[in-house]
Amino acid sequence: MSKLNIAVIGGGNIGSSLAFDCALRGHHVVVVEKDEPSCEQSRARVLETAGYAPLFSPLAKGKKPQDILDNIRWTNELSAISDCAFVVENIPENIELKQALYTRMAEFIAPNAVLAANTSCIPITKLGSFHKTSAQVIGVHFMNPVYLKHTVEVILGLNTSEQTRDRCLEMLAMLGKKSVVVKDGPGFVSNRISHLFMNEAAFAIQDGIAQPADVDAIFKECFGHKMGPLETADLIGVDTVVNSLDVLYQTFQDSKYRVCPLMRSMVDAGHLGRKTGKGFYSY
6 MSKLNIAVIG
16 GGNIGSSLAF
26 DCALRGHHVV
36 VVEKDEPSCE
46 QSRARVLETA
56 GYAPLFSPLA
66 KGKKPQDILD
76 NIRWTNELSA
86 ISDCAFVVEN
96 IPENIELKQA
106 LYTRMAEFIA
116 PNAVLAANTS
126 CIPITKLGSF
136 HKTSAQVIGV
146 HFMNPVYLKH
156 TVEVILGLNT
166 SEQTRDRCLE
176 MLAMLGKKSV
186 VVKDGPGFVS
196 NRISHLFMNE
206 AAFAIQDGIA
216 QPADVDAIFK
226 ECFGHKMGPL
236 ETADLIGVDT
246 VVNSLDVLYQ
256 TFQDSKYRVC
266 PLMRSMVDAG
276 HLGRKTGKGF
286 YSY
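Note that our numbering gives residue 18 to position 13 of the sequence shown, counting from 1, and the numbers run on in steps of one.
Here is the structure:
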């Protein structure tokens, strides 16, 4: 099995980046979107990434954007996942939407496929309970931009089978990814910790302690982080960060996960970060 058939359900920032990364490596990708305009937006994101990726990725150098796009097709038909060995769910962090999708996927997904949930904070065991075969569901947390991140967080739900785990790790290796395997829990390891950073950084701005560039400079220049917490929030999407913090708060009932009011106001104003051109920074 040298080439994989991969389905990416949801072609937002991470979904489009994942589709690009898989296609760049020669795998066959189908991106499933809710409608045709969303397909066009995802296609535009992939084309944009293909244009500048050679500046950062040796693997992308010399690759024509059209050659990469030829490995991807876009559709709004969920039935397209039926011949895919690796299905990555990447829709917004809304548990009702995810429940509806997992119920619908039962009709189409192959019995031996790996169903990977690329969720930010919702427990994998919970998502598995929405699917007819919970043993088939595993968490795979891809980081953005996917084509530059060589390590992924893999989360085992309570019902995830050993076969699913082994096949998932094998396919991730074929995508050039090193896996760090952790147990299930809200936010897992990465987001349980990183979202506290972003939230407290937003409180620092709200309280007038510093400007966004100053907060991020401390994390980059003092701690050696490649990106500061507010740059990261803009990259992920402020709305996604808020939704994830809400999940963490509802699950743990711990006040440390309460959302900074400034971020909620930014969401109301449509200042979601890079995807809207304005967040903590202007783009």
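The beta-carbon is built from N, C-alpha and C at its ideal position, and this holds for glycine as well.
Being a predicted model, the structure only gives us computed values, none of them experimental.
The alpha helix (DSSP H) enclosing His-200, as first and last residue numbers = 195 to 211
In this structure, does DSSP put Arg-109 in helix, strand or coil?
-> helix
Reference Ala-28; option with closest CA among Ala-49, Asp-72, Ala-85 and Val-119 | Asp-72
Which of helix, strand or coil DSSP assigns to Val-264 = coil
Endpoints, alpha helix (DSSP H) assigned at Val-220 = 217 to 222
The region 211 to 222 in contact with the region 245 to 256 per 3-pair CB rule at 8 Å = no
Opposite Gly-144 in the DSSP bridges: which residues?
-> Ala-122 and Ile-160
Is Phe-91 helix, strand or coil by DSSP?
-> strand
Indicate the three-state DSSP secondary structure (helix, strand or coil) for Ile-77 in the structure shown.
-> strand
Close-in-space but distant-in-sequence residues of the same chain around Val-159 (CB under 6 Å, 5 per side omitted) | Val-145, Ser-184 and Val-186
Touching by the beta-carbon criterion (3+ pairs, under 8 Å), the region 136 to 145 and the region 164 to 173 = yes
In terms of residues, what are the limits of the alpha helix (DSSP H) holding Asn-18?
-> 18 to 29
How big is the Cα-Cα spacing for Phe-61 and Tyr-152?
-> 9 Å
Pick helix, strand or coil for Phe-12, following the three-state DSSP scheme.
-> Phe is not the amino acid found at residue 12; the sequence shown has Ala there. Of the three classes helix, strand and coil, the one that applies to Ala-12 here is strand, per DSSP.
Check whether the Cβ atoms of Ala-111 and Lys-131 sit closer than 8 Å, and answer yes or no.
-> no
Who are the Cβ neighbours of Ala-1 in its own chain at under 6 Å, not counting the five residues just before and after it?
-> Only positions 6 to 288 of the chain appear in the structure, and residue 1 is not among them; the question remains open.
Would you list the one or two residues that DSSP bridges to Val-151?
-> None, per the DSSP bridge assignment.
Roughly how far, in whole angstroms, is the beta-carbon of Cys-126 from the beta-carbon of Asn-10, given that I think they are within contact range, below 8 Å?
-> 29 Å between Cβ atoms; not a contact.
Spatially closest choice to Asn-149 from Pro-116, Ile-241 and Thr-80, by CA coordinates = Ile-241
Measure from the alpha carbon of Asn-164 to the alpha carbon of each residue in Thr-156, Asp-189 and Lys-182, then state which is nearest.
-> Asp-189
Can you say whether Ser-22 is buried or exposed, counting buried as having 16 or more other CB atoms within 10 angstroms of its CB?
-> buried
Test item: CB-CB of Asp-1 and Phe-202 under 8 Å | Residue 1 lies beyond the stretch modelled for the chain, which goes from 6 to 288, so this question has no answer here.
For the alpha helix (DSSP H) holding Lys-131, just list the boundary residues, first then last.
-> 129 to 133
For Cys-265, count neighbouring C-beta atoms within 10 Å of its own C-beta (all shown protein chains included) and say buried if the count is 16 or more, exposed if not.
-> buried
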